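Q:
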Amino acid sequence: MRTLILVVCILGAALAMRDQSIAVKGQLLCGNKPASNVRIKLWEEDSGPDPDDLLEAGYTDGDGRFQLQGGEAELTPIDPVFKVYHDCDDGIKPGSRKVKFILPKSYITAGKVPKKVFDIGVLNLETIFPKEERELFISRKRRDDDWDD
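Residues -16 to -1, 1 to 133 (mature numbering (1 follows the signal peptide of the UniProt record, and there is no 0)) make up the sequence shown, in order.
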């Protein structure tokens, strides 16, 4: 009986999981110039024992423009964040500046493909953002590499 209850609970949880997705686009500048080849990542952050999920990663194009999208199956609404790793206005300090933006939940859509895109606008990376961090260990992977690390 106990095994049957456990199986029913596991099946119920699996059926309650729902696909959710989000997309973000924008442009990054460093002063009055495009911030090209800046590393960017779209994450789904989790609290507790569930690890954070990388939804998509890439680099800005020659004009500093980008668009990322991704999704995850979760019981509760996903917590999407957009992270930028850059060296704009950074002098000779080691590592990269790391900035995190929490994306609005109103842009989360049901399904594996986002139905709308959050336009974060034009961001000047010379800005000192609140709670900015540093990443000292930098992956040198580029666009076409595997992002499973």
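Backbone N, C-alpha and C fix where the C-beta goes; we use that ideal spot for every residue, glycine too. Small disclaimer: the values here were computed from a predicted structure and weren't measured.
#1: Identify the residues that DSSP records as bridge partners of residue 144: which are they?
#2: Which first and last residues belong to the beta strand (DSSP E) in which Ile115 is found?
#3: Determine the burial state of Lys100: buried for a count of at least 16 other Cβ atoms within 10 Å of its Cβ, exposed for fewer.
#4: Comparing C-alpha positions only, which one of Phe113, Asp63, Glu117 and Pro61 sits nearest to Gly79?
#5: With distances taken from CA atoms, which of Gly95, Phe50, Asp37 and Ala94 is nearest Val68?
A: Inspection of the coordinates gives the following:
#1: In the structure displayed, the chain extends from -16 to 133; residue 144 sits before or after that span and is not available.
#2: By 1-based counting over the sequence shown, the position of residue 115 is 131. Here the sequence assigns Lys to residue 115, which means Ile is not the residue at that position. Segment: none, Lys115 is in no beta strand (DSSP E) and carries neither H nor E.
#3: Translated into positions along the sequence shown, residue 100 becomes position 116. The residue in question, Lys100, is exposed, as its Cβ has fewer than 16 Cβ neighbours within 10 Å.
#4: Taking the sequence shown and counting its residues from 1, one reaches residue 79 at position 95. When each option's Cα is compared against that of Gly79, the closest is Glu117.
#5: Within the sequence shown, residue 68 is the residue found at index 84, counting from 1. Nearest option by C-alpha distance: Phe50.
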